[in-house]
Amino acid sequence: MSRRPQPLPGSLGVTFSVSAARASGVPLNRLRARDLSSPFHGARSVVVPVPVPVPAPSPSPSQETVTAGDLPQSPWSLARQAEAARAAAFSTIMTPAMFFAGRTAAALQGAPVDPGPELVVGVFAPARAPRRPGVRGVKVERALAHLHEHDGLRMTTPASTWAMLAGELSVRDLVIFGDWLVRVPRDSRGRPQPHRRLSTIDQLERASSAGRRVGVAKLRAALELIRVGSASPLETEFRMDAAAAGLPDPELDVEIRSRRGRLLGISELVYPGVRVAVEIEGDQHRTDRTQWNRDIDKYADYAAAGWEVVRLTSSHIRGSRPRAVGIVAAALARRGGTASGVMARGIA
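For the sequence shown, the positions run 938 to 1285 when my numbering is used.
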């Protein structure tokens, strides 16, 4: 029977450099034990055992619906966690001149951008970009990027990251990323929290015009389409598709109130002139019973106040035959809106 490896000093954490471990008195043979991985030369990570899933018993019809927290994580969420783990490991051997950039910085900041196959690590010119397995080094002109610290890691700021990705992302993806950056989050009681937003449109404009960079034409095109108020990529995608089809621009992130001023709810996209509210629903609206009941009450209040609610899902927007624009156009036409021209062109 193999002997259990000796405990490591608690000060090292779950990721650490070989030099830090040696300085703490850890012998070299301990750093070769099977409970440690070597994601990069000179770095070690503690291997966390993966628990074997135990099938849960089938719920009876009387049992509560699972909550959103019980749902399996999405592939994108898992990819972002893996990128964060790789970045944490590499940070233990980074030099002071290095910082995370590109898709890596975007993923670490939680942006709706897929991480790449390699960590993106930048340096300011004229320093030499790092070259090692698993890392894509980039040399950046100092005027083209600002840095900050996020979750203890040094990286480009959200606005700089957005601008630096113009060479890799489409205009549509830059708008989705930009909408996500400039949105104003709300707290659990629905109150706007402007201090929590990650960037402003002015900051994105300054980043795009900071100097000569690849994809500047795409940045300018994206800036024309970015709006404050979209809370998810699906909302941004529907808004762009609706605009391209000729629908009027909706108001975003709107508080719907009764005639006496009582807050009935907050809706993502609203056509106030004809009292049409568009709700784009993720899977948590179906699986979280609390959310489900809250939605039922909200839509009943909307109907009593004379609003028509159009409920859309990702299949309406991203499906093989997207129908979201036609569904909303029909609702606007029913309410006497300006969508009749759109309907006449056959979009519905």
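Built from N, CA and C at the ideal position, the CB exists for glycine as well.
Which word fits residue i, buried or exposed, when buried means at least 16 other C-beta atoms lie within 10 angstroms of its C-beta?
i, result
"SER954", "buried"
"THR1173", "buried"
"VAL989", "Confidence is the limiting factor: at VAL989 the pLDDT is only 49, short of 50, which leaves the residue's position unreliable and the question unanswerable from this model."
"GLN1018", "exposed"
"ARG1023", "buried"
"VAL1108", "buried"
"HIS1132", "exposed"
"ILE1233", "exposed"
"ARG1040", "buried"
Provide the residue span of the alpha helix (DSSP H) that contains residue i, from first to last.
i, result
"THR1173", "1170-1182"
"ILE1203", "Careful: ILE1203 lies outside any alpha helix (DSSP H), inside the beta strand (DSSP E) at 1200-1208."
"ARG1255", "1251-1255"
"VAL1153", "1153-1160"
"VAL1112", "1108-1119"
Kindly list the residues whose CB is nearer than 6 Å to the CB of residue i, restricted to its own chain and excluding five residues on each side of it in sequence; keep chain order.
i, result
"PRO1170", "PRO1049 and ILE1113"
"LEU1135", "PRO1095 and LEU1118"
"GLY1202", "ILE1193 and LYS1235"
"ASP1190", "GLY1166"
"ARG1223", "Note that ARG1223 scores a pLDDT of 49, beneath 50, so its modelled location is shaky and nothing firm can be said."
"LEU1249", "ILE1217 and ALA1261"
Whole angstroms is fine: what's the gap from residue i's alpha carbon to residue j's?
i, j, result
"VAL1077", "TRP1117", "24 Å"
"ALA960", "ARG981", "14 Å"
"VAL963", "THR1029", "16 Å"
"LEU965", "SER974", "14 Å"
"ARG1150", "ARG1069", "25 Å"
"ALA1268", "ILE1163", "25 Å"
"LEU1090", "LEU1084", "10 Å"
For residue i, collect the residues of the same chain with a Cβ closer than 7 Å to its Cβ; drop the 5 residues on either side in sequence, then sort them by chain order.
i, result
"GLU1142", "LEU1160"
"ALA1026", "THR952, PRO976, PHE977, ALA980 and SER982"
"PRO1129", "VAL1121 and ARG1123"
Could you spell out where the beta strand (DSSP E) holding residue i opens and where it closes?
i, result
"MET1092", "1090-1093"
"PHE953", "952-954"
"SER982", "980-983"
Taking 8 Å as the limit between beta carbons, can you name the residues of its chain near residue i, skipping five residues before and five after?
i, result
"SER1014", "none"
"LEU1200", "GLY1127, GLU1192, ILE1193 and ARG1194"
"ASP972", "PRO942, VAL983 and VAL984"
Exercise. Within the segment 1027-1087, note down every full beta strand (DSSP E) run reaching 3 residues or more, in order along the chain.
Key: 1056-1061, 1072-1077 and 1084-1087
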